[in-house]
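S.K.: Going line by line, the protein sequences match chains A and B. Residues in the first sequence are numbered from 5 upward in steps of one, following my numbering. Residues in the second sequence are numbered from 5 upward in steps of one, following my numbering. Dropping a structure here in structure tokens format, bear with me for questions.
2 protein chains.
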Amino acid sequence: MTSPGAATAPTKRGRGEKSSATIYDIAKLAGVNPSTVSRALSKPGRVSAKTQKIIEDAAEQLNYQVNPFARALPTGRTQTIGLIVADITNPTFFDIIRGAETTGSARDYTLVLAESAESPETEVTAARRLLSTVDGLILASPRMDDDHIRALSADKPVVVINREIEGVPCVVPDVNKGISEAVRSLAANGHQKLAYVAGPAQSWMTGRRWEGVKAAAEWSKLSAARLESSKPTVDGGRQVAREVLESGATAVITYNDLLAIGLMQELQAGGMRVPDQISIVGFDDIFGADFTTPALTTVRSPLGECGTRAVTILLDVLQGHDAPEEAVSVETELVVRGSSGRLLT
Amino acid sequence: MTSPGAATAPTKRGRGEKSSATIYDIAKLAGVNPSTVSRALSKPGRVSAKTQKIIEDAAEQLNYQVNPFARALPTGRTQTIGLIVADITNPTFFDIIRGAETTGSARDYTLVLAESAESPETEVTAARRLLSTVDGLILASPRMDDDHIRALSADKPVVVINREIEGVPCVVPDVNKGISEAVRSLAANGHQKLAYVAGPAQSWMTGRRWEGVKAAAEWSKLSAARLESSKPTVDGGRQVAREVLESGATAVITYNDLLAIGLMQELQAGGMRVPDQISIVGFDDIFGADFTTPALTTVRSPLGECGTRAVTILLDVLQGHDAPEEAVSVETELVVRGSSGRLLT
DNA sequence: CAATTTTTGGCAACCGGTTGACAAGGATGG
DNA sequence: CCATCCTTGTCAACCGGTTGCCAAAAATTG
Numbered sequence: 005m006t007s008p009g010a011a012t013a014p015t016k017r018g019r020g021e022k023s024s025a026t027i028y029d030i031a032k033l034a035g036v037n038p039s040t041v042s043r044a045l046s047k048p049g050r051v052s053a054k055t056q057k058i059i060e061d062a063a064e065q066l067n068y069q070v071n072p073f074a075r076a077l078p079t080g081r082t083q084t085i086g087l088i089v090a091d092i093t094n095p096t097f098f099d100i101i102r103g104a105e106t107t108g109s110a111r112d113y114t115l116v117l118a119e120s121a122e123s124p125e126t127e128v129t130a131a132r133r134l135l136s137t138v139d140g141l142i143l144a145s146p147r148m149d150d151d152h153i154r155a156l157s158a159d160k161p162v163v164v165i166n167r168e169i170e171g172v173p174c175v176v177p178d179v180n181k182g183i184s185e186a187v188r189s190l191a192a193n194g195h196q197k198l199a200y201v202a203g204p205a206q207s208w209m210t211g212r213r214w215e216g217v218k219a220a221a222e223w224s225k226l227s228a229a230r231l232e233s234s235k236p237t238v239d240g241g242r243q244v245a246r247e248v249l250e251s252g253a254t255a256v257i258t259y260n261d262l263l264a265i266g267l268m269q270e271l272q273a274g275g276m277r278v279p280d281q282i283s284i285v286g287f288d289d290i291f292g293a294d295f296t297t298p299a300l301t302t303v304r305s306p307l308g309e310c311g312t313r314a315v316t317i318l319l320d321v322l323q324g325h326d327a328p329e330e331a332v333s334v335e336t337e338l339v340v341r342g343s344s345g346r347l348l349t
Numbered sequence: 005m006t007s008p009g010a011a012t013a014p015t016k017r018g019r020g021e022k023s024s025a026t027i028y029d030i031a032k033l034a035g036v037n038p039s040t041v042s043r044a045l046s047k048p049g050r051v052s053a054k055t056q057k058i059i060e061d062a063a064e065q066l067n068y069q070v071n072p073f074a075r076a077l078p079t080g081r082t083q084t085i086g087l088i089v090a091d092i093t094n095p096t097f098f099d100i101i102r103g104a105e106t107t108g109s110a111r112d113y114t115l116v117l118a119e120s121a122e123s124p125e126t127e128v129t130a131a132r133r134l135l136s137t138v139d140g141l142i143l144a145s146p147r148m149d150d151d152h153i154r155a156l157s158a159d160k161p162v163v164v165i166n167r168e169i170e171g172v173p174c175v176v177p178d179v180n181k182g183i184s185e186a187v188r189s190l191a192a193n194g195h196q197k198l199a200y201v202a203g204p205a206q207s208w209m210t211g212r213r214w215e216g217v218k219a220a221a222e223w224s225k226l227s228a229a230r231l232e233s234s235k236p237t238v239d240g241g242r243q244v245a246r247e248v249l250e251s252g253a254t255a256v257i258t259y260n261d262l263l264a265i266g267l268m269q270e271l272q273a274g275g276m277r278v279p280d281q282i283s284i285v286g287f288d289d290i291f292g293a294d295f296t297t298p299a300l301t302t303v304r305s306p307l308g309e310c311g312t313r314a315v316t317i318l319l320d321v322l323q324g325h326d327a328p329e330e331a332v333s334v335e336t337e338l339v340v341r342g343s344s345g346r347l348l349t
């Protein structure tokens with residue numbers, strides 16, 4: 005213990021006690037049958053307190069760890085949940101991943117991560133592959149169509165984030181609160197022409213957000229125009245800048261923060277002053293949204309909470325509880341920073 | 005086939021062909037022994053081309069997928085690699101995760117992710133837990149001590165990113181090139197007093213970077229002072245701003261970009277102009293480093309490549325190749341953006 | 001104290017693959 | 001044409017747990 009100095013080869017493959025003990029070893033040591041060990045360790049109350057203790061001590065002594073595969077084989081339970089995101093690079097998912105990982109591991113579930121690279125086909129493949137090795141699946145902003153998702157969901161529990169699908173448990177930020185706050189704030193600052201920069205067509209959310217913006221604008225008596233972006237990234241934001249200018253809008257709400265940041269950079273590069281000449285409001289409040297100058301005003305979606313909620317629902321379903329009938333909605337809110345404000349002409 | 009219109013309940017748990025076929029089903033269909041099926045499917049060349057074909061067709065027809073658990077049980081091979089990062093929230097790891105996931109899934113390995121929340125103990129626990137279910141492990145910027153890592157590495161292949169450990173394969177950005185570029189560039193811009201803002205004490209990298217800075221500064225005849233930060237985040241950067249000012253340095257290199265961004269924000273809030281009055285250089289070139297105004301000059305570590313290389317080495321080792329004797333080093337380079345430049349007094 | 005019910009532990013089959021040992025069948029060589 | 005070697009498929013054991021069924025033991029009851 006004290007001085008490992010004379011050890012032969014520290015890097016050698018462990019042979020001795022390393023290769024983990026089995027319930028058979030425990031059974032021998034405790035003088036009982038392997039099945040009793042199995043029961044003592046996984047069916048609380050099934051064996052007497054006395055034997056339980058003996059077995060637990062033996063297990064402790066042998067430094068026993070269940071072999072997850074041996075367990076999974078007959079039971080199908082893997083203590084593992086899968087998470088598929090469209091794009092690992094996209095910071096929107098960072099918080100979701102984090103929320104899911106944290107909540108999962110708090111309940112002794114391991115998170116398995118896969119990426120679909122924004123492609124519906126890759127997504128389906130990845131989902132199928134994962135599904136066979138996990139107890140349940142979380143799809144964050146899935147790109148595949150509803151039927152595929154329902155098919156997966158027929159096999160094992162599935163929870164969807166950022167999209168509503170009839171018959172599948174969903175966690176969806178309720179955009180309306182945040183959007184109306186945003187639009188009201190813009191209206192209060194004297195804006196009259198509003199533009200919405202949309203995201204990818206496969207994204208269910210982009211439509212949802214546009215509707216919210218349209219409705220809120222109507223309510224506040226603003227005009228709202230919808231512009232399309234090539235891709236929902238900083239680059240896409242830069243590319244849409246010209247169209248924004250041409251639209252004559254003085255306030256822009258974008259499908260996500262990345263677009264907003266790119267848009268702002270491009271407009272500033274062209275000499276526009278934000279927010280004096282144009283206000284920009286993003287969506288999601290991703291990591292880095294406050295790195296910009298001015299810092300980005302944005303409608304925050306509690307992404308971390310989405311991850312957490314999704315895992316919670318999933319694990320509840322796995323324990324036999326019913327999934328919530330309706331989509332679980334989490335609140336969004338406007339985070340006012342420097343990129344939106346009064347028009348100075 | 006054509007019209008499933010009259011199907012009873014599409015969402016019902018699949019019973020029929022859903023619950024996947026086994027090699028026994030294939031064997032029956034193909035009229036051979038299950039073990040022949042096993043060989044046909046995993047030992048190329050072991051069965052005759054004719055039977056091979058028959059079996060493959062049958063497998064196809066039954067839509068066969070191996071049961072990973074059944075396979076893992078006798079062999080120990082899981083087609084899975086584990087990745088442990090200190091903090092999922094820290095964007096430094098985003099690219100590593102991404103690189104690892106992409107490379108892994110290209111070679112049909114699934115990535116399992118765990119977080120240590122910056123705690124050495126949690127990290128050891130997570131590592132132990134993961135180790136039993138994966139074929140190999142990647143530790144990104146591990147916080148646990150060398151001996152723990154060697155112990156893990158004695159059990160299964162381990163690759164370390166961002167730290168060098170004798171006897172364990174490592175992928176480490178070679179900071180010297182980037183640092184000397186940075187220091188030279190600062191010197192060329194007339195700076196004479198340099199400060200380095202260090203990261204957490206457990207981080208092996210922070211020392212390494214400080215040494216690089218010290219050596220390069222000496223070489224370029226600059227003075228270099230080392231300042232400590234409370235934590236390697238935006239907030240930590242803000243807190244260290246006063247010390248930086250007091251140090252009298254006109255150029256600052258920080259342990260990472262987060263610190264640099266926080267520092268810059270705080271200095272700007274206090275009326276300092278960057279880079280006119282003070283130059284700031286970060287480290288890593290994380291996502292968002294170019295969101296700031298001015299955009300952050302930084303020493304880029306090719307994090308994505310680190311992830312990729314680590315996975316490659318790991319999979320090579322798993323296939324029986326030898327691990328590289330020495331730490332694999334990937335190049336760093338200075339990315340000059342707006343936050344560094346000539347001093348205007 | 002015997003009869004009955006409840007606890008508790010053991011036996012053995014099973015989950016779905018893998019693999020060493022072996023024998024039948026085919027090819028080759030002397 | 002027979003001996004020999006190689007190819008190819010089969011048998012059976014095994015990986016490490018889980019679980020239904022049963023019987024022995026213990027606890028309860030009349």
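For each residue, glycine too, the CB sits at the ideal point set by N, CA and C.
(1) Within its chain, find whatever has a CB closer than 8 Å to the CB of Gln-65 (chain B); leave out the 5 residues flanking it on each side and keep chain order.
(2) Straight-line CA distance for Val-339 (chain A) to Asp-289 (chain A)?
(3) Taking only beta-carbon atoms, is Leu-249 (chain B) less than 8 Å away from chain A?
(4) Residues of chain B with a CB under 9 Å from the CB of Gln-69 (chain A): which are they?
(5) Going along the chain, which unbroken runs of the beta strand (DSSP E) with 3 or more residues stay wholly within the segment 107-170 of chain A?
(6) When burial is assigned at 16 or more other CB atoms within 10 Å of the CB, is Arg-147 (chain B) buried or exposed?
(7) By the 10 Å Cβ neighbour count, where 16 or more other Cβ atoms means buried, how is His-325 (chain A) classified, buried or exposed?
(8) Tell me the DSSP secondary structure of Ile-284 (chain B) in three-state form.
(9) Would you mind giving the Cβ-Cβ distance between Arg-102 (chain B) and Thr-93 (chain A), rounded to the nearest angstrom? I have them listed as a contact below 8 Å.
(10) Using a Cβ cut-off of 8 Å (strictly closer), state whether Ile-4 (chain A) contacts chain B.
(11) Going by DSSP, which residues form a beta bridge with Arg-230 (chain B)?
(12) Counting along the chain, where does the alpha helix (DSSP H) carrying Val-315 (chain A) start and finish?
(13) If contact means a Cβ-Cβ distance below 7 Å, which residues of the segment 271-304 of chain B contact chain A?
(14) I'd like to check one pair, Pro-72 (chain A) with Thr-82 (chain A): are the Cβ atoms closer than 8 Å?
(15) Note down the Cα distance separating Gly-345 (chain A) from Asp-280 (chain A), rounded to an integer number of angstroms.
(16) Under DSSP, the alpha helix (DSSP H) around Arg-304 (chain A) begins and ends at which residues?
(17) Quick check on the DSSP output: what are the complete beta strand (DSSP E) runs of length 3 or more inside the segment 202-263 of chain A, in order along the chain?
(18) What does Ile-88 (chain B) reach in chain A if we use C-beta pairs closer than 8 Å?
(19) Could you check how far apart the C-beta atoms of Glu-270 (chain A) and Gly-292 (chain A) are, in whole angstroms? I think they sit under 8 Å.
(20) From the DSSP output, in three-state form, read off Glu-329 (chain A) for me.
(21) Roughly how many whole angstroms lie between the Cα atoms of Ala-144 (chain B) and Val-163 (chain B)?
(22) Measure the Cβ-Cβ separation of Ala-299 (chain B) and Ser-343 (chain B) and say whether it is below 8 Å.
(23) Of all the CB atoms in chain A, is at least one closer than 8 Å to the CB of Val-116 (chain B)?
(24) For a quick check, are the C-beta atoms of Phe-287 (chain A) and Thr-258 (chain A) less than 8 Å apart?
(25) In its own chain, which residues sit with a C-beta less than 6 Å from the C-beta of Arg-19 (chain B), not counting the 5 before and 5 after it?
(26) Pick out whichever of A:Val-70, A:Ala-63, A:Ala-264, A:Ile-284 has its Cα sitting closest to the Cα of Thr-137 (chain B).
(27) If I follow the unbroken beta strand (DSSP E) through Gly-86 (chain B), where does it start and stop?
(28) For the alpha helix (DSSP H) that Pro-72 (chain B) lies in, which residues bound it at each end?
(29) On a Cα-Cα basis, can you pick out the residue from A:Gly-86, A:Gly-35, A:Thr-106, A:Val-256 that is closest to Gly-308 (chain A)?
(30) Report the CB separation of Ala-229 (chain A) from Ala-199 (chain A) in whole angstroms; it is logged as a contact under 8 Å.
(31) Measuring only between beta-carbons, confirm whether Ala-144 (chain A) sits less than 8 Å from chain B.
(32) How would you label Gly-35 (chain A), buried or exposed, when you count the other beta carbons within 10 angstroms and need 16 or more for buried?
(33) What is the residue span of the alpha helix (DSSP H) that Asp-61 (chain A) lies within?
(34) Chain A partners of Ser-109 (chain B), CB-CB under 8 Å?
(35) Which of the three DSSP states, helix, strand or coil, is assigned to Leu-267 (chain A)?
(36) Give me the Cα-Cα distance between Thr-297 (chain B) and Gly-275 (chain B), rounded to the nearest whole angstrom.
M.R.: To lay it out plainly:
(1) Taking Gln-65 (chain B) as the centre and dropping the five residues before and after it, the same chain places the C-beta of Leu-33 closer than 8 Å to its C-beta, in chain order.
(2) Those two C-alpha atoms are separated by around 8 Å.
(3) Closer than 8 Å to the CB of Leu-249 (chain B) there is not a single CB belonging to chain A.
(4) Chain B residues near Gln-69 (chain A): Arg-132, Arg-133, Ser-136.
(5) Taking only runs of at least 3 residues, the beta strand (DSSP E) segments lying wholly in the segment 107-170 of chain A are 114-119, 140-144, 162-165.
(6) Here Arg-147 (chain B) is buried, its C-beta having at least 16 other C-beta atoms within 10 Å.
(7) Flag for His-325 (chain A) reads exposed.
(8) Three-state result, Ile-284 (chain B): strand.
(9) The pair is a contact, with the Cβ atoms about 6 Å apart (cut-off 8 Å).
(10) The question about residue 4 (chain A) has no answer, for chain A in this structure spans 5 to 349.
(11) Answer by DSSP bridge pairing, in chain order: B:Tyr-200.
(12) Annotation: the continuous alpha helix (DSSP H) that includes Val-315 (chain A) extends over 307-322.
(13) Answer in chain order: Phe-291, Gly-292, Phe-295, Thr-296, Thr-297.
(14) Closer than 8 Å, so yes.
(15) Roughly 7 Å separates the two Cα atoms.
(16) Annotation: Arg-304 (chain A) is outside any alpha helix (DSSP H); the continuous beta strand (DSSP E) that includes it extends over 301-304.
(17) As far as the segment 202-263 of chain A is concerned, its whole beta strand (DSSP E) runs of at least 3 residues are 227-231, 255-258.
(18) At a C-beta separation below 8 Å, Ile-88 (chain B) has no neighbours in chain A, since its nearest C-beta there lies roughly 11 Å away.
(19) Actually they do not touch by this definition, with Cβ atoms about 17 Å apart.
(20) In the structure shown, Glu-329 (chain A) sits in coil (DSSP, three-state: anything other than H, G, I, E or B).
(21) Cα to Cα, the separation comes out at about 9 Å.
(22) Yes, Cβ-Cβ distance for Ala-299 (chain B) and Ser-343 (chain B) is below 8 Å.
(23) At least one beta carbon of chain A lies nearer than 8 Å to the beta carbon of Val-116 (chain B).
(24) For the 8 Å CB-CB criterion, Phe-287 (chain A) and Thr-258 (chain A) form a contact.
(25) Caution is warranted here: a pLDDT of 32 is assigned to Arg-19 (chain B), below 50, making its placement in the model unreliable, and no coordinate value can be reported.
(26) Answer by Cα proximity: A:Val-70.
(27) Its beta strand (DSSP E) spans residues 84-89.
(28) For Pro-72 (chain B), the uninterrupted alpha helix (DSSP H) segment begins and ends at 72-79.
(29) Taking each of A:Gly-86, A:Gly-35, A:Thr-106, A:Val-256 in turn and checking the Cα distance to Gly-308 (chain A), the smallest one comes out for A:Thr-106.
(30) Confirmed, about 5 Å.
(31) So, not an interface residue.
(32) Flag for Gly-35 (chain A) reads exposed.
(33) 53-66 is the span of the alpha helix (DSSP H), which, as asked, contains Asp-61 (chain A).
(34) Below the 8 Å Cβ cutoff, chain A contributes Ala-118, Glu-119, Ala-130 as neighbours of Ser-109 (chain B), in chain order.
(35) Helix, per DSSP.
(36) Answer to the nearest angstrom: the Cα atoms are 14 Å apart.
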